[in-house]
Amino acid sequence: MGELLSIKNLKTYFYTEDGVIKAVDDVSLTIREGETLGVVGESGCGKSITAMSILKLIPNPPGKIVSGEIIFEGKDLTKATDSEIRKIRGNKISVIFQEPMTSLNPVFTIGDQIIEAIVLHQNMNREQAREKAIDMLKLVGIPRANEVVDAYPHELSGGMRQRAMIAMAMACNPKLLIADEPTTALDVTIQAQILDLMRELKNKTNTSIMLITHDLGVVAEMADHVVVMYAGKIVEEADVFEIFKNPLHPYTIGLLESKPILNQDKERLNSIPGQVPNPLNMPEGCYFHPRCSKAMDICRKEQPKLCSVKDGHKVACHLYKEVK
Amino acid sequence: MAETLLKVENLKKYFPIKAGVFQRTVGYVKAVDDVSFELKEGETLGFVGESGCGKSTTGRTILRLLDKTDGNVYFEGKDIFSLSRKELRSIRPKMQIIFQDPYSSLNPRMTVGEIIGEALVDHKIVSKGEVKDRVLEALEMCGLAPYHIRRYPHEFSGGQRQRIGIARALVLNPKFIVCDEPVSALDVSIQSQIVNLLCDLQQKFGFSYMFISHDLSVVKHISHRVGVMYLGSLVELAEKHELYKNPLHPYTKALLSAVPIPDPTLKRERIILQGDIPSPANPPSGCKFHTRCPYKKDICSQEVPKFRDVGGGHFVSCHLV
Numbered sequence: 003m004g005e006l007l008s009i010k011n012l013k014t015y016f017y018t019e020d021g022v023i024k025a026v027d028d029v030s031l032t033i034r035e036g037e038t039l040g041v042v043g044e045s046g047c048g049k050s051i052t053a054m055s056i057l058k059l060i061p062n063p064p065g066k067i068v069s070g071e072i073i074f075e076g077k078d079l080t081k082a083t084d085s086e087i088r089k090i091r092g093n094k095i096s097v098i099f100q101e102p103m104t105s106l107n108p109v110f111t112i113g114d115q116i117i118e119a120i121v122l123h124q125n126m127n128r129e130q131a132r133e134k135a136i137d138m139l140k141l142v143g144i145p146r147a148n149e150v151v152d153a154y155p156h157e158l159s160g161g162m163r164q165r166a167m168i169a170m171a172m173a174c175n176p177k178l179l180i181a182d183e184p185t186t187a188l189d190v191t192i193q194a195q196i197l198d199l200m201r202e203l204k205n206k207t208n209t210s211i212m213l214i215t216h217d218l219g220v221v222a223e224m225a226d227h228v229v230v231m232y233a234g235k236i237v238e239e240a241d242v243f244e245i246f247k248n249p250l251h252p253y254t255i256g257l258l259e260s261k262p263i264l265n266q267d268k269e270r271l272n273s274i275p276g277q278v279p280n281p282l283n284m285p286e287g288c289y290f291h292p293r294c295s296k297a298m299d300i301c302r303k304e305q306p307k308l309c310s311v312k313d314g315h316k317v318a319c320h321l322y323k324e325v326k
Numbered sequence: 197m198a199e200t201l202l203k204v205e206n207l208k209k210y211f212p213i214k215a216g217v218f219q220r221t222v223g224y225v226k227a228v229d230d231v232s233f234e235l236k237e238g239e240t241l242g243f244v245g246e247s248g249c250g251k252s253t254t255g256r257t258i259l260r261l262l263d264k265t266d267g268n269v270y271f272e273g274k275d276i277f278s279l280s281r282k283e284l285r286s287i288r289p290k291m292q293i294i295f296q297d298p299y300s301s302l303n304p305r306m307t308v309g310e311i312i313g314e315a316l317v318d319h320k321i322v323s324k325g326e327v328k329d330r331v332l333e334a335l336e337m338c339g340l341a342p343y344h345i346r347r348y349p350h351e352f353s354g355g356q357r358q359r360i361g362i363a364r365a366l367v368l369n370p371k372f373i374v375c376d377e378p379v380s381a382l383d384v385s386i387q388s389q390i391v392n393l394l395c396d397l398q399q400k401f402g403f404s405y406m407f408i409s410h411d412l413s414v415v416k417h418i419s420h421r422v423g424v425m426y427l428g429s430l431v432e433l434a435e436k437h438e439l440y441k442n443p444l445h446p447y448t449k450a451l452l453s454a455v456p457i458p459d460p461t462l463k464r465e466r467i468i469l470q471g472d473i474p475s476p477a478n479p480p481s482g483c484k485f486h487t488r489c490p491y492k493k494d495i496c497s498q499e500v501p502k503f504r505d506v507g508g509g510h511f512v513s514c515h516l517v
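Respectively, the protein sequence lines represent chains R and L.
The numbering of the first sequence is the numbering used here, which starts it at 3 and goes up by one.
The numbering of the second sequence is the numbering used here, which starts it at 197 and goes up by one.
See below:
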């Protein structure tokens, strides 16, 4: 599989009145063609900001991509002009957001919003675009697609809105679909429907997916490759089987152990003590050390680098040695 | 066998839908529609279901935070809805609630000490001098530090706020606590801290919990028995291992199969339900689930199935069982 997108040493900082927040701090990752990359982490770990940096959707000011490269199809997106990035956004790279009610425009019909993207990016007039919009709505499993196309977002249920969002995102056959917590706001049975739909579309179109989520269950089900983020940094990266079978970073282990699992019984949940550090006041050394049960002296002084410990398994932790 | 603490019989809660200039009632949202169950001392009863299924409304109606439409709720043998205001107030400290959103359920203009101590003072449970000691004790039990007593809610993280909410319920020495999605707004690593705290407190003080959540894995972990709700009705209720191993109602089966499990090697047979939850203002006839049920028969759309014990305290309402 060829590389579709590669992020190198990305740093996205927010300059606030209280100080600089390093939301994304030296993140590198690669998404291959046809692959689903799962990005896991808790709120505030920088997973969404990483994704939004790709499309230059960072509000500036206060946010800014300080350094790093985002290479998509041989081009550095951080250096792209506004009009260049506009040609890519919603066309080759599209996004599904968490909350479908706030990301759809309430004063336009579903059809208008899908047609807008199609007319903008593909050589079609409104008539043809409308046909295509209806086809897309059918593709994502919306019943009565030729009526729904003229419906307003408030007339649809949460699951239907998310389907409409997916239809909009897929309308221009994107190479990369960024799904930012696409099912977090949905109920379990509806979540199952949406995940099923995303899998089916991916198989049909060979679109790569960057799936951002905090739900390890969703990751296990959807992703081929996983990166775990903590406080703006990648702490571990491996393929999905490896990360669940053989997690190395104490944070990943803690995360996996703290979740009750449906088909297992646990006497007591293992929890990670403490809480995510304040982004304005990060601890010295490894950001995780105040909560880590295995913290050593070196962890308090020196920040560990993300290094390869096994074929395709990278971890940023002083407990492990790099293998060349 | 522990004693029955709470008994709910055929509880109904309908909200009127008003329309027009004169605000006439044009229909009802049947949020809770004929729910019956019992809760024993020291037991945790989990309630699961999707949004709008009436699980929170059930919890609130039991505490008489909402008035009932029909049915009975007995707490320690007393009919909650026949109590006078004064009697109700005297019983309130025994039945507490922890809310979902730790951001909106704490008054931002009160210090933590005032929030936790308010009810103690109000109910005159302890003398003024003792209030502070009791608050400090509650803070410590919930994993907070004594100096937190003078702080305001905005100075705390989500998990810590939830601890404040738990301390507020705990300080009154209650018997029964409704936990309304207490961990849903929290991150995974914080969730487990709060779940563990709730388990520890139960072991220490013998609380009974009604634990409401949409997360089936958390409910399974914390509960002794679990009830599944759909569109205002309980469709299945059983001991947790029995329910998760041997679900009888098609909705429970679908719900369980839809939960993502963090194990990529696992291949599961998944039942994907078609369509959305119907509106509770206009629920389907007969069995409310029949519009989405993969096994539906003719009888399902005509007759409401009875909620009955099929053996060993496993209750289910389905024509096919």
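Cβ atoms here follow ideal geometry from the backbone N, Cα and C, with glycine treated the same way.
Annotation: glutamine 219/L is outside any alpha helix (DSSP H) and is labelled neither H nor E by DSSP.
Listed in chain order, the positions of the stretch 252-263 of chain R with a beta carbon within less than 7 Å of a beta carbon of chain L are Gly256, Leu257, Leu258, Ser260, Lys261, Pro262, Ile263.
Judged by pairs of C-beta atoms under 8 Å, the stretch 304-312 of chain L touches the stretch 325-343 of chain L, as three or more such pairs exist. Not one beta carbon of chain L lies nearer than 8 Å to the beta carbon of glutamate 202/R.
Within the model, the alpha-carbon separation for serine 85/R versus serine 388/L is close to 46 Å.
By the C-beta density criterion, valine 506/L is exposed, having fewer than 16 other C-beta atoms within 10 angstroms. Within chain L, the C-beta atoms nearer than 8 Å to that of arginine 270/R come from Asn392, Cys395, in chain order. Sorting Gly46/R, Ile116/R, Cys319/R, Pro281/R by C-alpha distance to the C-alpha of histidine 291/R places Cys319/R at the top.
For the pair leucine 308/R and leucine 257/R, the CB atoms are not nearer than the 8 Å cut-off. For the 8 Å CB-CB criterion, histidine 417/L and valine 391/L form a contact.
A check of alpha carbon separations from glycine 248/L across Ser429/L, Leu433/L, Gly223/L, Ser497/L identifies Ser429/L as the nearest. Within chain L, no residue has its CB atom less than 8 Å from the CB of leucine 250/R, the nearest being about 16 Å off. Residue environment analysis places glycine 423/L among the buried positions, since at least 16 neighbouring C-beta atoms fall within 10 angstroms of its C-beta. In the DSSP assignment, arginine 281/L falls within the unbroken alpha helix (DSSP H) covering 281-287. If you draw a straight line from the Cα of lysine 316/R to the Cα of leucine 516/L, it comes to about 52 Å.
Per DSSP, cysteine 174/R lies in no beta strand (DSSP E) and is assigned neither H nor E. Out of Leu235/L, Ile321/L, Arg466/L, Phe211/L, the CA that lies nearest to the CA of valine 367/L is found in Ile321/L. Under the DSSP assignment, asparagine 392/L falls in the alpha helix (DSSP H) whose first and last residues are 384-401. Of all residues in the stretch 454-481 of chain L, the ones placed with a Cβ closer than 7 Å to any Cβ belonging to chain R are Ala454, Val455, Pro456, Ile457, Pro458, Asp459, Pro460, Thr461, Arg466, Ile468, Leu469, Asp472, in chain order. For the stretch 403-424 of chain L, the residues whose beta carbon sits under 7 Å from a beta carbon of chain R are, in order, His410, Leu412, Ser413, Val414, Lys416, His417.
In this structure, valine 229/R and isoleucine 236/R form a Cβ contact; the two beta carbons are roughly 5 Å apart against a cut-off of 8 Å. Annotation for serine 413/L: no beta strand (DSSP E) segment contains it, though the alpha helix (DSSP H) segment containing it runs 412-418.
Chain L places a beta carbon closer than 8 Å to that of glycine 219/R, counting this residue as a contact. Here leucine 366/L carries a helix assignment [DSSP, helix/strand/coil]. The alpha-carbon separation between valine 269/L and proline 501/L amounts to approximately 23 Å.
Per DSSP, reduced to three states, the secondary structure at glycine 245/L is coil, with no helix or strand assignment.
In the same chain as arginine 293/R, and ignoring 5 residues on each side of it, the C-beta atoms closer than 7 Å to its own belong to Ile274, Pro275, Gly276, in chain order. Excluding sequence positions up to five before and after glycine 250/L, its CB lies within less than 7 Å of the CB of Ala227, Val228, Met425, Gly428, all in the same chain and listed in chain order. Distance from the Cα of lysine 247/R is smallest, within the candidate group Lys449/L, Leu462/L, Tyr440/L, Leu444/L, for Leu462/L.
Three or more pairs of CB atoms, one per stretch, sit closer than 8 Å, so the stretch 185-196 of chain R contacts the stretch 454-473 of chain L. Within its own chain, the residues whose Cβ lies closer than 8 Å to the Cβ of proline 279/R, once the five positions on either side in sequence are excluded, are Ala233, Pro285, Tyr289, Pro292, listed in chain order. Counting every other CB atom within 10 Å of its CB across the protein chains shown gives isoleucine 300/R a total below 16, marking it as exposed. Taking 8 Å as the cut-off, the beta carbon of leucine 188/R is found closer than this to the beta carbon of glycine 160/R. Boundaries of the beta strand (DSSP E) around methionine 425/L: 421-426. Taking C-alpha positions only, serine 105/R is separated from phenylalanine 99/R by approximately 7 Å.
Apart from sequence neighbours up to five positions away, the residues of its chain that approach isoleucine 87/R with a beta-carbon distance below 8 Å are Leu57, Lys58, Leu79, ordered along the chain.
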